[in-house]
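Under our numbering, think of the first position of the sequence shown as 1, with each following residue one higher. Single-structure report; data block below.
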Amino acid sequence: MNAKPAKRPLKAVVISDAHLGTYGSKAADLHAYLRTIRPETLVLNGDFIDAWRFSARYFPPEHLKVVRYLFKMAEEGTRLVYIPGNHDEVARRFAGIDFGLLKVANKLVLSLDNTTTWIFHGDVFDVVMHHSRWMAKLGSVGFGFLIALNRFVNAFLVFFGGKKISLAARIKDMVKGGKKEAVTQFEATVARLAIRKGYHYVICGHIHRPVKKRIMNQAGVTTYLNSGDWVENNTALEYEEGDWHLRYWKGDGTHLTEETAVEEILSETAEEVFVRAFREVLKS
C-alpha cells in the first residue's frame with residue numbers, strides 16, 4: 001500500500017475567488033491542492049462561495065468536499081480567516097467574529113518574519129461595483145455562461161489537436177481596454193496605499209489576475225501580489241522561507257512557482273508632488 005505523501009508545512013497560504021456553487025469553479029483541483037498543504041494560517045480572500053449565482057439545485061459533491069475539508073484543516077490546527085468579497089458580501093455582516101480557529105474579517109494584517117502583509121479582497125477599488133451594481137451582476141451571469149461555453153470550445157479544440165484558450169481572459173482584456181493598462185491602474189492604487197501605510201506586502205484577489213510585482217514610488221516600495229482564482233488560473237500564494245510565492249496548481253497534481261522579477265516605478269500623483277515640494281521647502 002502506498003503511503004500518503006507528506007503535507008507541506010507552511011506559515012501562511014492565501015487563496016481567493018473559488019466561486020464555489022458555479023459551473024466554472026475548479027473545486028476538485030482546489031480540494032486536491034488543499035490536501036497537499038498544512039498551513040498555520042489559511043486566508044480565504046473573498047468570493048469563495050458565489051452567493052450571486054448560488055442555487056440549492058447546484059452544489060456538487062466536489063464543492064461540498066472543499067467546505068468539509070476546510071473544517072477538517074481547522075480541527076487539525078490551521079487558523080482560518082475568511083475575508084468576504086463582493087460575491088459573498090453577505091458574510092460581511094459577521095466581520096469581527098472570532099472563534100479562535102475561524103475568524104471573519106474585512107481585512108487582515110499578518111506579521112511574518114519581521115514583515116507585514118496587508119490582505120483584503122480588492123473590490124473596494126472597483127468603480128463598476130460601486131456605481132453600477134446591476135451591471136456587475138449582469139457581467140457575473142455573462143461570465144458564468146462564457147465559462148460553460150469555453151468548456152465546449154476547448155473540448156472541440158483538443159479533439160482536433162489544438163490548444164486550449166481562455167475566452168473569458170480575452171474578452172476581459174477587450175472590455176477593459178487592454179490587460180496591462182487595466183491591471184496597472186488597480187495595482188498602482190493598491191500599492192500607493194500599502195506604501196503609505198508602510199506594509200512590506202499587499203495581497204488582493206477580485207480581478208482574477210495572479211501576479212507578484214515589486215512596486216515603488218518616491219515614498220517607498222512594496223510587493224503587490226494577487227492570488228488569482230480557482231476558475232481559470234488555479235493559483236495560491238504561499239509564505240515560506242521568508243517570502244511569498246505564487247503557485248500554479250496543475251491537473252497532474254504538481255505545482256509550479258512563478259516569480260515575477262518586474263519592478264514598476266509609479267509616477268507621482270499631484271498630491272505626492274505637492275507633499276514632496278512642501279517638505280523640501282521646510283528643509284531649505
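All C-beta atoms in this analysis are idealised placements derived from N, C-alpha and C, irrespective of residue type, glycine included. The structure displayed is predicted, hence computed values, not measured ones.
Close Cβ partners of residue i (< 8 Å) along its chain, the five nearest in sequence each way excluded
i           : result
residue 29  : 230, 234, 249, 251
residue 263 : 213, 214, 215, 216
Nearest-angstrom Cα separation, counted from residue j out to residue i
i           : j           : result
residue 58  : residue 122 : 27 Å
residue 266 : residue 78  : 37 Å
residue 215 : residue 106 : 24 Å
residue 201 : residue 117 : 5 Å
residue 176 : residue 244 : Bear in mind that a pLDDT of 43 at residue 176, under 50, signals an unreliable position, so the model cannot answer this.
residue 54  : residue 219 : 43 Å
residue 199 : residue 115 : 8 Å
residue 90  : residue 84  : 8 Å
residue 62  : residue 217 : 44 Å
CB contact flag (residue i, residue j, <9 Å)
i           : j           : result
residue 225 : residue 256 : no
residue 285 : residue 221 : Any question about residue 285 goes unanswered here, given that the chain covers just 1 to 284.
residue 65  : residue 31  : yes
residue 93  : residue 69  : no
Contact set for residue i: own chain, Cβ-Cβ below 6 Å, skip 5 residues either direction
i          : result
residue 82 : 44, 104
residue 26 : 230, 234
Residue i, enclosing beta strand (DSSP E) - first and last residue
i           : result
residue 243 : 243-249
residue 74  : Premise fails: residue 74 lies in the alpha helix (DSSP H), 61-75, not in any beta strand (DSSP E).
residue 44  : 37-45
residue 51  : From DSSP, residue 51 is part of no beta strand (DSSP E); its letter is neither H nor E.
residue 16  : No beta strand (DSSP E) contains residue 16, which DSSP labels as neither H nor E.
beta-carbon residue i near the ligand COA non-hydrogen atom, thresh 8 Å
i          : result
residue 20 : No copy of the ligand COA appears in this structure; indeed no ligand is present at all.
Residues near residue i in its chain [Cβ-Cβ closer than 7 Å; skip 5 each side]
i           : result
residue 207 : 122, 183, 186, 226
residue 112 : 11, 12, 239
N-terminal and C-terminal residue of the alpha helix (DSSP H) that residue i is part of
i          : result
residue 30 : 27-34
> Would you call the region 14-30 and the region 46-60 touching, i.e. three or more CB-CB distances under 8 Å?
Replying inline: Judged by Cβ distances under 8 Å, the region 14-30 makes contact with the region 46-60, as three or more pairs qualify.
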